[in-house]
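Colleague: Residue numbers (the working numbering), protein chains in the order written: chain A, 1 to 363; chain B, 1 to 363; chain C, 1 to 363; chain D, 1 to 363. If you scroll down you'll find the structure; I have some questions about it.
There are 4 protein chains.
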Amino acid sequence: MGSTWGSAIKISIFGESHGAGIGIVIDGFPAGVTYDEAFVLREMERRAPGRNKQSTQRKEADTPLIQSGFLHGQTTGAPICAIIQNTNQRSGDYAALAAQPRPGHADYTGMVRYHGCNDLRGGGHFSGRLTAPLVFAGALCKLWLKTRGVTIGSHIQSIAQIQDMPFDDVDIPASQLDALREADYPVNNPRALDAMLAAIEEAREAQDSVGGVIECAAVGLPAGIGSPMMDTVESRLSSILFAVPAVKGVEFGAGFAFAALRGSHANDTLYQDGNTVKTETNNNGGVNGGITNGMPLILRVCIKPTPSISVTQQTLNLQTGKVEPLSIHGRHDPCIVTRAAPVIEAACAIALANLFREANGYA
Amino acid sequence: MGSTWGSAIKISIFGESHGAGIGIVIDGFPAGVTYDEAFVLREMERRAPGRNKQSTQRKEADTPLIQSGFLHGQTTGAPICAIIQNTNQRSGDYAALAAQPRPGHADYTGMVRYHGCNDLRGGGHFSGRLTAPLVFAGALCKLWLKTRGVTIGSHIQSIAQIQDMPFDDVDIPASQLDALREADYPVNNPRALDAMLAAIEEAREAQDSVGGVIECAAVGLPAGIGSPMMDTVESRLSSILFAVPAVKGVEFGAGFAFAALRGSHANDTLYQDGNTVKTETNNNGGVNGGITNGMPLILRVCIKPTPSISVTQQTLNLQTGKVEPLSIHGRHDPCIVTRAAPVIEAACAIALANLFREANGYA
Amino acid sequence: MGSTWGSAIKISIFGESHGAGIGIVIDGFPAGVTYDEAFVLREMERRAPGRNKQSTQRKEADTPLIQSGFLHGQTTGAPICAIIQNTNQRSGDYAALAAQPRPGHADYTGMVRYHGCNDLRGGGHFSGRLTAPLVFAGALCKLWLKTRGVTIGSHIQSIAQIQDMPFDDVDIPASQLDALREADYPVNNPRALDAMLAAIEEAREAQDSVGGVIECAAVGLPAGIGSPMMDTVESRLSSILFAVPAVKGVEFGAGFAFAALRGSHANDTLYQDGNTVKTETNNNGGVNGGITNGMPLILRVCIKPTPSISVTQQTLNLQTGKVEPLSIHGRHDPCIVTRAAPVIEAACAIALANLFREANGYA
Amino acid sequence: MGSTWGSAIKISIFGESHGAGIGIVIDGFPAGVTYDEAFVLREMERRAPGRNKQSTQRKEADTPLIQSGFLHGQTTGAPICAIIQNTNQRSGDYAALAAQPRPGHADYTGMVRYHGCNDLRGGGHFSGRLTAPLVFAGALCKLWLKTRGVTIGSHIQSIAQIQDMPFDDVDIPASQLDALREADYPVNNPRALDAMLAAIEEAREAQDSVGGVIECAAVGLPAGIGSPMMDTVESRLSSILFAVPAVKGVEFGAGFAFAALRGSHANDTLYQDGNTVKTETNNNGGVNGGITNGMPLILRVCIKPTPSISVTQQTLNLQTGKVEPLSIHGRHDPCIVTRAAPVIEAACAIALANLFREANGYA
């Protein structure tokens, strides 16, 4: 109960922020997939901290050390294990953390859940650092899905209240998604980016943080993947997306905007384009009845502002039973949304790869 | 792959809209829970169609016929099966459905997924009618959770663009949730209801439909239920909430509104109230790091407008390959949001009951 | 936790011996499989009680009432539910059962497990009657596997100490398995049958019971189905075979006889027959490293003697705390091995169908 | 699909015989369990090769390098990962292995299953070496179960045809099981051991191998653990026991001997001993209806003779299509039964720990 997910492909994530290492086992990954090291390391780099002043100044190489599952540069079909060593931790005052759990964090709930035995340093197993192995697994899944014609990408839809231009949901070229992957900050509208960076900088100066939204798309999916009810594409994706720390909302297609639409505007009219059935609009985000319809899969997730902020907060001291000031020291991101894009893509890639294996078996 | 969900409590839903019957098996339900028939039938009635002019004029008793799992009015611990017979179907033109899949429905994706063998009448296994067994299971889970001090309830947060008063997320009396259950329409603000009903009526007259949002809460949950990463309370809940047809978005606590918040406002300050740790605000909706913190669990789901509308739509005829007019006849809801509240509560109750059993074992 | 099994195909069994009905939901069954009613009813009949004096004199039609999952005589891909009504129960003295749990039965462990709430009448959910829905599901799986070239069959390997001729494990024609299915008692050697029936009659006259062994085979399986370690063909099969009440041992190929073999005799030499790789012997029962090798799959299960015997037994009265005589009245089988063959085949068919779906996806 | 197992506790095993390393992730392990390094290393040593002339002369330290899940010598409740580096491999002729798959091994089935991409060196992921991480996980589970009063142990029941004295199934002191753990070879009858060692030596001189049976017991289990049908103690145990390479049969209590018993002898009479319900015999091996009854859990597994033998075998060359001689070089065990005891105990400990967590929740 905790860090294992999947059916045809099963992942098991381990590690704590200040332990020896973190990593992942990927069981059921297809055999014969070629390892593209540059691609995988680029994905890791996109998530890694310390790359610019919008993110924490901790620098961690986050190089995955592969233990198994590869031979001659190809997957063997056996479980893949990769480890990322923890090399740059500075453990804070452990006792202080136990006395005064940080607001918005899992410090308190973790203590209750694990009877006070959990590793609180750096958030332990609840740390955002645990998304690094997820990105590794996502990179492998992307490599495999690419051979099946599927491309996954994302952009920062918003930071603070500044909105990027959303995807054109009926026409997203794979090249657009690939280009976003190469950008320092994945946005569709460069001017929105300037305003976003300014908002982050403003929060940083106020020793505060800001949240945002990531919009993610997958193109090239065939129609007919997924199942009704409990194993819908949306159920599967949301169950792994909510595994990403700080995600508090997930929506598909028009999402919450559906609430204000009428059926006549919400319905996506079908038409035929050559031999392919398409829809004129894509309010359903590529999914009807839980099953892909061949249109781009579109989803958005909300990322809450980093709870670790330097500004003094008033919060409970469990030892005194009183509310007292708390100053969180250390190196924190004023905004993790810029680093979240590859993580959301990874969760999406893993869920889709799992659905693909279910749909296609050992093939 | 499809209609089975759960771990400590497992549900398996079956049935098609126009088949002999629909129903559910609930495996792993606790022994010794007393059956409150009036409570269960009231839950079924809340979801049932035909109760007022806002919903479809089909009338279905939806009486669960219990096959197993009870003795002397108590659960035995063995799997519970209940069947609801289909008695009031009028099958439309089956061939027409196969030729011209309805926009916004699963007709097309179902045909691809099941190689043309799926039952298209009334949506078959994709029908909203399949939420009736979910409500039955949810009612049993509510009965059990009630004995553990947990109460679940919901209200219509919005229909069209009309907003109800949201829950006071740090203080929701169980009596408020119980009262909402008894109401014809569960709203906190009666004036909002009038406007909602007018908006529904307007859509009905236009042969159209409208969507909305349900806000659901669970109070009385102890801190420490749930797990990090893949088995967070949010992951578990979302995976069953997205099983409800028409749900296209799920958010917890402040949800998507987090995107515009700063950390200093988003963080929920902890304090002590007697022996209980509470938070002054509840932006995290009762969950930190995937684990309950003892505050009310708050979530919202978006319900898209019913895709079945009478107004003529232009859409693909698969036989001609051309876009042609489609008129959907039959008895449809102009707004299913009013009937969705007990369904969302049921999904929530099942997920929480499952987490409770995991947390407490056979006890 | 209890009566749900499977991954790509999931079954959920419900019911209690003296409740309203028993049945099964089969989720994930392939679409487009034609229902052969005569075949399914014949399978049900093979297991049904009351057919001859070797089995209990209760007569139950065991007709599956199909609720869902079929249209125009074909599976739709939606979950299949079938119910078998309980019509011929005579409930014994319930209080007596609670006071004096029957030796060899689940009466005592069921009471501990379910805090005294379980239905003890006729064994409740622990009853051998719960194998009827398993046979129904197995019959459907056989029908599907037959379209893939796979045939499953079994014979009574032994009753008491009388041995039937085992299968020729490198050459089992599908016609042999089909013929066993049609026989009143599935044996390879008719003379062994006479001795078996005499042994059963002897036990019946002594108000006692006897056990035995079923040998089951599947032919036509391709090489390459299954996975190493936790998802071996043996793991999967054993996990459902031990779900059959009274099964206390499972072995594959040479099984326990391997203990006395040397490697040079145990190893199955490979050779090529046309384009097919075969083995000269089949000590591994068609499975190497958990994966099928294309040779017949061979397994044997031990069925313990029916614990329900009429002869007076001495056993604990929980109310007095003393060992007292117990006479179990009612209509019991002196030997259930004769009825167990279709049950073992059904478990085998379900497990193999599940593996096939995993291997081949939605196809 | 492959190397992940469990529900409340989930294990995921990775690694290939000649890769960088092998290991395991254990998710859901209880928090607060003290690490007894000497105990764990002793368990690893019991399984390790090269300790005497009955086993392979490869020497591997098999030291688990713990990556996560521990703090201050206690489990934190987060996933535990341990890695065992591969340090002493000598890769044989890879191309030869692909051409001439070894009889009795997974070489051929692995190639079919993984489209020729699997690592054949040393058996790859199918290697018996993969039982080392299982033993590590089993050792931790034993440590936890010990705090709950449960002790697990085993002895060599037979090698070749030489039988050890079986356990007294109604009275197995924990001290007996502990003593077996300390012995070089776990047997109840030292004279049987001499004959066993002679049989192994004889096989070794003939460049051959021999098989055997392990009998395993767990004492101190409370009544009421497990579930009927699909989640019986037997189903759960067998599903992980058959994950151990070379296991081809599993039986509980009297097992296959039940086939020759009458019900009146097979039934275990209940009686009361103080406040405890016991049975006078234990033919059911501590399990009725899939649920523990408080008596010792008894099971036996058959271990087939090591298929890797030095004596020349005739077998198919896939390149020529002809049967040709094969000589397997390298360092092989003439009998792995002596090393199998801790592996079987480990599988048993993991399955029981998983059942315990299900029964007791987070407690």
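Virtual Cβ for every residue (Gly too), placed ideally from N, Cα, C.
What residue range does the alpha helix (DSSP H) around LEU318/B cover?
Modeller: Looking at the DSSP string, LEU318/B is not in any alpha helix (DSSP H), and its letter there is neither H nor E.
Colleague: Would LEU299/D and PHE252/D qualify as a contact pair, given that the criterion is a beta-carbon distance under 8 Å?
Modeller: Closer than 8 Å, so yes.
Colleague: Based on Cα-Cα distance, which residue from GLY220/D, CYS141/D and ILE344/D lies nearest to LEU297/D?
Modeller: Nearest Cα to LEU297/D within the set GLY220/D, CYS141/D and ILE344/D: GLY220/D.
Colleague: Under 8 Å between beta-carbons, which chain A residues line up against GLY361/C? List them in chain order, please.
Modeller: What GLY361/C touches in chain A, judged by beta-carbon distance under 8 Å, is ARG357, GLU358, ALA359, ASN360, GLY361 and ALA363, going in chain order.
Colleague: List the whole-angstrom C-beta distance separating GLY286/C from MET229/C, where the pair is believed to meet the contact cut-off of C-beta under 8 Å.
Modeller: Incorrect: roughly 18 Å between the Cβ atoms, too far for contact.
Colleague: If you measure between the beta carbons of LEU316/C and GLN314/D, is that distance less than 8 Å?
Modeller: No; because the gap between Cβ atoms is not below 8 Å, this pair is not in contact.
Colleague: Is the shortest distance between the beta-carbon of GLN67/A and the beta-carbons of chain D less than 8 Å?
Modeller: yes
Colleague: So the beta strand (DSSP E) PHE252/C belongs to, where does it begin and stop?
Modeller: Per DSSP, PHE252/C belongs to the beta strand (DSSP E) from 247 to 252.
Colleague: Give the residues from the segment 256 to 273 of chain B that approach chain A closer than 7 Å (Cβ to any Cβ), ordered along the chain.
Modeller: PHE256, PHE258, ALA259, ALA260, LEU261, ARG262, GLY263, SER264, ALA266, ASN267, ASP268, THR269, LEU270, TYR271 and GLN272
Colleague: Nearest by alpha-carbon distance to LYS10/B: which of ALA363/B, ALA359/B, ALA353/B and ASN360/B is it?
Modeller: ALA353/B
Colleague: Alpha carbon to alpha carbon, how far is ARG113/D from SER227/C? Give it in angstroms, no decimals.
Modeller: 8 Å
Colleague: Under 8 Å Cβ-Cβ, which residues of chain F neighbour CYS141/D?
Modeller: Annotation note: the requested chain F is absent from the structure, which comprises protein chains A, B, C and D.
Colleague: Report yes or no: is there a C-beta of chain D within less than 8 Å of the C-beta of SER7/B?
Modeller: yes
Colleague: According to the Cβ coordinates, are PRO342/A and VAL135/A closer than 8 Å?
Modeller: yes
Colleague: Under a CB-based cut-off of 8 Å, is ARG113/D close to chain A?
Modeller: yes
Colleague: Look at the alpha carbon of ALA218/C and the alpha carbon of ALA347/C, and state the distance between them as a whole number of angstroms.
Modeller: 12 Å
Colleague: Any chance you could list the beta strand (DSSP E) runs of at least 3 consecutive residues sitting entirely within the segment 265 to 306 of chain C, in chain order?
Modeller: Listed in chain order, they are 270 to 273, 276 to 279 and 297 to 303.
Colleague: Can you say whether GLN157/B is buried or exposed, counting buried as having 16 or more other CB atoms within 10 angstroms of its CB?
Modeller: buried
Colleague: Count the other CB atoms within 10 Å of the CB of ASP178/C; is the residue buried (16 or more) or exposed (fewer)?
Modeller: exposed
Colleague: Restricting to runs no shorter than 3 residues, where is the beta strand (DSSP E) found entirely within the segment 44 to 130 of chain B?
Modeller: 65 to 68 and 80 to 85
Colleague: Using a cut-off of 7 Å between C-beta atoms, extract the partners of ASP423/A located in chain B.
Modeller: Residue 423/A cannot be examined here, being either before or after the span of chain A that is shown, 1 to 363.
Colleague: Given this structure, state the Cα-to-Cα distance separating PRO30/B from LEU355/B, to the nearest angstrom.
Modeller: 13 Å
Colleague: When the Cα atoms are used, what is the spatial distance from ALA174/D to PHE242/C?
Modeller: 27 Å
Colleague: Should MET165/C go down as buried or exposed, given a rule of 16 or more other Cβ atoms within 10 Å for buried?
Modeller: exposed
Colleague: Is there a Cβ of chain B sitting closer than 8 Å to that of CYS302/A, yes or no?
Modeller: yes
Colleague: Taking DSSP as the reference, what is the three-state secondary structure of SER238/B?
Modeller: helix
Colleague: Using the three-state DSSP reduction, which class does ARG181/C fall into: helix, strand or coil?
Modeller: helix
Colleague: If you check the beta carbons only, do CYS117/C and THR76/B fall under 8 Å apart?
Modeller: In contact: CYS117/C and THR76/B (Cβ atoms closer than 8 Å).
Colleague: Determine the chain B residues that contact VAL311/A at a beta-carbon separation under 9 Å, and present them in chain order.
Modeller: GLY263 and SER264
Colleague: Just to confirm, are VAL244/D and ILE344/D a CB contact at a threshold of 8 Å?
Modeller: yes
Colleague: What's the C-alpha gap between ILE328/C and TYR94/C?
Modeller: 12 Å
Colleague: Can you find a C-beta in chain B that's less than 8 Å from the C-beta of HIS329/C?
Modeller: Closer than 8 Å: no.
Colleague: With which residues is LEU326/A paired in a DSSP beta bridge?
Modeller: GLN313/A
Colleague: Which bits of chain A does SER175/B rub up against, with CB to CB less than 7 Å?
Modeller: None at all; the shortest Cβ gap to chain A is about 27 Å.
Colleague: Measure how close the beta-carbons of GLY124/C and GLU16/C come, nearest whole angstrom, since I'm counting them as under 8 Å.
Modeller: 4 Å
Colleague: Could you give the C-beta distance for PRO305/A and ALA266/B, rounded to a whole number, given that I count them as a contact under 8 Å?
Modeller: 5 Å
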